[in-house]
Structures are given as structure tokens and as C-alpha cells.
Amino acid sequence: MTYKDKVVLVTGGSKGIGEGCVRVFVEAGSKVVFCSRGQQAGKAMEAEVNKKGPGQSHFIACDVSQVDQIKSMIDATIAKYGRLDCLINNAGWHPPHKTIDDFSIEDFRSLLDLNLVSIFAACKFALPHLRKTQGNIINMSSLVAIMGQPGAATYVATKGGITSLTKALAIDEAAHGVRVNSVSPGNVYTPLWQEAIDAAPDPAKCRADGDAAQLVGRMGTIEETGKLCLFIAADATFTTGVDHILSGGAELSYGRKSRVS
Ligand SMILES: NC(=O)c1ccc[n+]([C@@H]2O[C@H](COP(=O)([O-])OP(=O)(O)OC[C@H]3O[C@@H](n4cnc5c(N)ncnc54)[C@H](O)[C@@H]3O)[C@@H](O)[C@H]2O)c1
Numbered sequence: 012m013t014y015k016d017k018v019v020l021v022t023g024g025s026k027g028i029g030e031g032c033v034r035v036f037v038e039a040g041s042k043v044v045f046c047s048r049g050q051q052a053g054k055a056m057e058a059e060v061n062k063k064g065p066g067q068s069h070f071i072a073c074d075v076s077q078v079d080q081i082k083s084m085i086d087a088t089i090a091k092y093g094r095l096d097c098l099i100n101n102a103g104w105h106p107p108h109k110t111i112d113d114f115s116i117e118d119f120r121s122l123l124d125l126n127l128v129s130i131f132a133a134c135k136f137a138l139p140h141l142r143k144t145q146g147n148i149i150n151m152s153s154l155v156a157i158m159g160q161p162g163a164a165t166y167v168a169t170k171g172g173i174t175s176l177t178k179a180l181a182i183d184e185a186a187h188g189v190r191v192n193s194v195s196p197g198n199v200y201t202p203l204w205q206e207a208i209d210a211a212p213d214p215a216k217c218r219a220d221g222d223a224a225q226l227v228g229r230m231g232t233i234e235e236t237g238k239l240c241l242f243i244a245a246d247a248t249f250t251t252g253v254d255h256i257l258s259g260g261a262e263l264s265y266g267r268k269s270r271v272s
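Numbering (my numbering), first residue to last: 12 to 272.
See the structure below:
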């Protein structure tokens, strides 16, 4: 697959799934702008990725929970490359698992800002440019948006919002030739997943359970996620408003759900 000379913006690209997207699109010849909050990891990755090519990357520090910073990042992308072909809204966070009793209203509001309002804002600011190129948007949702997840009411609600926002925008933007899709990963091994393993009472069991949750017997990789995004952007031109599940079969078949002895 090639996406040569197309301009792609990836939020949260310094590690994890976003890093996979940056690497795969640069390998496909794209010009990839990516962000994270801190400078160091992003700048180091930019230099490393650019040595390999054949595309190029450009890092911009941006906290996506700050809407003015998202606007500046999109303006800077257009100032540098003059166009935008694909927006990948990937940055997001999964808080530690708790019940609703232990999440405050403020916890929920701030996660909404980070996971959902940021995507609304990035789409809003990017769409005038994407309409000119008949480009596309890929929003990183989650399999748990449709399955639910224990101890994750706030996170699951933000991801449900992303899947629904994607479908509504796909309808409105069809008139402008812009496709809007979401990707819903199940378990992809990333630094975020490693945080959950480290926080678990039995980290080895947590990793083994994570691998066993898929029919394919392992978690997905960041490269596999990047490749699906590249396919949606470059080749899946009859696809809009679709939630692309990338799960290794995690959602199939019955599992043990109730606490019967
Ligand atoms: N890993 C999984 O199994 C999985 C499953 C379903 C959905 N997802 C979603 O995929 C996305 C990426 O997850 P991941 O596992 O790669 O996470 P990660 O924590 O490993 O990486 C997240 C990236 O986002 C950046 N980021 C975080 N907060 C930011 C902010 N405020 N502003 C800018 N950048 C910020 C980080 O710097 C990093 O580059 C998230 O939206 C997550 O909800 C992940």
C-alpha cells in the first residue's frame, strides 16, 4: 500500500498505537505530523523515523485536552505542508478501573475533554482543509464502546461517543467527499496496556489473561493497527461511517459472565 506525499496528522503519536500509525504511514511515503504533550520522546522519534523514510515525520508538542493547542497544531500543519489528507484522532487515556462511586463528576468531565471533545475539536478545525482534498478522518474508538467493560464507566462512555460521532459526521461530510471512520481495537499491546499490567496484583497473570482474551491467542501490535488505518485511508475508498473492529476475535463466543460457583 502506498499513500505517497499525502499529509497525515496523528494525535498522540509518540508511543503506542499512534506510534504504529506514524511508522506505517511514513513507510507508505506520507508526510506525517504527530503530537504528544512532552517534547523529548516525539523529537527523538521524528529524527529516527526520518532517517528511514521514504516519507517524513514532523513532531509538534500539543496537549489535545487544550482546544486552542489543537487549532494551532492544525494551522501549523497547513503552514508547513499546505494541505491535509488524513486526520487520525488517536490520543486518549484509560483511567485505572473503579466503580462509579469512586469516579468524581470532575474525573468524568476531564476524561470527556481528553477523549471526546478533543476529537470533536480536531474534526471541526481540520474539516475545512479535508474538504479541499476529499480526505478522510479515522477516530480511535474501542471495542469496549460496544461491549462495555468492568470498572470503566467513564472511559466506555467517551468511546461510545467517538463511535457515534463518527457515524454522524460521516453522514454530514459525505456531501463534501470526506470519509469518516472509526477503528475499535480490542487489546493492542502498548505502553498503556503495560501500565495496566504493572498496576495489577499479579502482573504475569494479567499479561497472560490479556493474551488469552483473543481467539488468535495474543494481543495485537501497534503495526497491525497502523496497517488497518493505512488501508482505510488509502484503499478502502467505499468505506465511510464504519466502525472497524480490530480485535483478534475477542468479542466472539460466550464467556463466563456471572459469579456462579
Ligand atoms: N491499547 C489498547 O489495547 C487500546 C484498545 C482500545 C482503544 N485504544 C485507544 O487507542 C488510543 C491509543 O492508546 P494506546 O494504548 O496507544 O495508549 P498509550 O498511552 O500507549 O499512548 C497514547 C499516546 O497518546 C499521547 N497522549 C496522551 N494524552 C495526550 C494529550 N493530552 N495530548 C496529546 N497526546 C496525548 C501519549 O503521549 C501517547 O503518544 C487511545 O485512544 C486508546 O483509548 C487502545
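By construction, the Cβ of each residue, glycine as well, lies at the ideal position given by its N, Cα and C atoms.
Would the beta-carbon of Ile111 fall within 8 Å of that of Ala72?
It is not a contact, given that the beta carbons lie outside the stated cut-off.
Would you kindly report the start and end of the unbroken alpha helix (DSSP H) that includes Ile130?
Taken as a continuous stretch (DSSP letters only), the alpha helix (DSSP H) holding Ile130 covers Ser129 to Thr144.
Inspect the CB distances between the segment 178–186 and the segment 226–244 and report whether three or more fall short of 8 Å.
The segment 178–186 vs the segment 226–244: no contact.
Please say whether Lys170 and Gly252 have beta carbons closer to each other than 8 Å?
Against a cut-off of 8 Å, the Cβ pair of Lys170 and Gly252 comes out as no contact.
Measuring only the C-alpha atoms, how far is Ile130 from Ala156?
If I take the Cα positions, the gap works out to 16 Å.
Taking 8 Å as the limit between beta carbons, can you name the residues of its chain near Arg142, skipping five residues before and five after?
Excluding positions up to five away in sequence, the list reads Glu184, His187, Gly188 and Val189.
Any idea which residues DSSP pairs Arg229 with across the strands?
Answer is none; Arg229 lacks a bridge partner.
Compare the C-alpha of Gly64 against each of Val78, Lys54 and Lys42 and name the closest.
Measuring from the Cα of Gly64, the nearest candidate turns out to be Lys42.
When DSSP labels each residue in this structure, what does Ala215 get in the three-state scheme?
Reduced to three states, the DSSP call for Ala215 is helix.
Starting from Ser175, trace the alpha helix (DSSP H) both ways and give me its first and last residue.
Per DSSP, Ser175 belongs to the alpha helix (DSSP H) from Ala164 to Glu184.
For the pair the segment 188–207 and the segment 248–263, tell me if three or more CB-CB distances fall below 8 Å.
Flag = yes, the segment 188–207 and the segment 248–263 touch.
Do Gly40 and Thr22 come within 8 Å of each other at the CB atom, strictly closer than that value?
The answer is no: Cβ separation not under 8 Å.
Going by DSSP, what residue range makes up the beta strand (DSSP E) through Ala151?
The sequence as given places Met at residue 151; Ala does not occur at that position. Element bounds for Met151: Asn147 to Met151.
Tell me the rounded alpha-carbon separation between Ala244 and Ser195.
About 15 Å.
Alpha carbon to alpha carbon, what distance is there between Ala223 and Gly266?
About 12 Å.
Could you tell me the distance, in whole angstroms, from the CA atom of Asp124 to the CA atom of Gly103?
Rounded to the nearest angstrom, the two C-alpha atoms are 10 Å apart.
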